[in-house]
């Protein structure tokens, strides 16, 4: 039997309500030369039973059951089983459009691309819409790219909505010791390695915005920010070893602070718990001290540039921060306390708060 064209890896955990639709989207693919590797990560609900029911006698599916080790372990396990020329990841509550895989394979074959991506649409029970962040920054603009020429690719660091050649992914694994941001080092390595990336003019992925009360990993990271921050700091440390180009790392760092780390710090501030507030802000200050603020702060919003400067007593060196820093100079002495942080953040970071709430 010849190897399939594409191997699709689907890690599953507690998705009884969604997995049926996800599997149906795979069965409806217009490309037929496929294998589907479903890895259940110790679900305690009816996920496996529902998946088995919908799969039926479709021989393209392989369902693997494991004890709970997290999505990284499930994806790594699936990668070891792949036989396809290309690999695609699908989250177990999301959907692939019927022609999604065919469109990406066609681009990969005709243009000899190692990584192909396209447009992601979010959807809920009533509507669908593009991802604002991707639209605003041209992430999904069609064309031939590399990471060096199009660093905005780092704004979309999830493993889904991408078709990668299996050769590109050889030797790359998801770090299993962190639970949040574990996908970013994996995707960064693929982007750095890829000599030719193609973004096609077509929808290749449907991302579900859950309406149920169940808490996803991302939602939990907001409600419990301190462990999430520890994971994110470790994620950046791994990325530092991958992005050896200082310009690319600076771009990545500004992206991570604005869209990953700052929302968790803000959640800690809004928690109302003095210890959580203090530990969140202290952890951010300690973490940022390892970087040269002047080297990357110009990429940040004005509010964060001011915060960086005042907390480190050198706002005068940060572009655009001088006037605002002078106005808030008296706040600097109070920054060692949660109350001081809250006062400063309320007056100095409104712009960043607005940006962080988008997407």
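Residue numbers (our numbering): 31 to 389. From the three backbone atoms N, C-alpha and C, an ideal C-beta is built for every residue, glycine too.
Query                                                                                                                                                                       : Result
Just to confirm the assignment, what range does the alpha helix (DSSP H) spanning residue 311 have?                                                                         : 304 to 318
Given a threshold of 16 other Cβ atoms within 10 Å of its Cβ, counted over all protein chains shown, does residue 89 qualify as buried or as exposed?                       : exposed
Can you find at least 3 beta carbon pairs, one from the stretch 169 to 180 and one from the stretch 89 to 98, that sit closer than 8 Å?                                     : no
Quick check on the burial criterion: 16 or more other C-beta atoms within 10 angstroms. Buried or exposed for residue 227?                                                  : buried
What runs of the alpha helix (DSSP H), each 4 residues or longer, lie entirely inside the stretch 82 to 132?                                                                : 101 to 111
Buried or exposed, going by whether 16 or more other CB atoms sit within 10 Å of the CB of residue 106?                                                                     : buried
Quick test of your reading: residue 67 and residue 111, contact by CB under 8 Å. State the CB separation rounded to the nearest angstrom.                                   : 5 Å
What residue from 78, 217 and 65 has the CA that sits closest to residue 200's CA?                                                                                          : 217
What distance in whole Å lies between the Cβ atoms of residue 183 and residue 177, which are believed to be in contact at a cut-off of 8 Å?                                 : 6 Å
Just list the alpha helix (DSSP H) runs in the stretch 243 to 294, keeping only unbroken ones of 4 residues or longer that don't cross its boundaries, in chain order.      : 247 to 253, 255 to 272 and 276 to 286
Please confirm whether residue 197 and residue 204 have their CB atoms less than 9 Å apart.                                                                                 : no
For residue 223, collect the residues of the same chain with a Cβ closer than 7 Å to its Cβ; drop the 5 residues on either side in sequence, then sort them by chain order. : 198
What does the alpha-carbon distance come out to for the pair residue 101 and residue 189?                                                                                   : 11 Å
Which class does residue 221 belong to by DSSP, given the choice of helix, strand or coil?                                                                                  : helix
Taking DSSP as the reference, what is the three-state secondary structure of residue 48?                                                                                    : coil
So which of 209, 181 and 157 has the shortest CA-CA distance to residue 167?                                                                                                : 181
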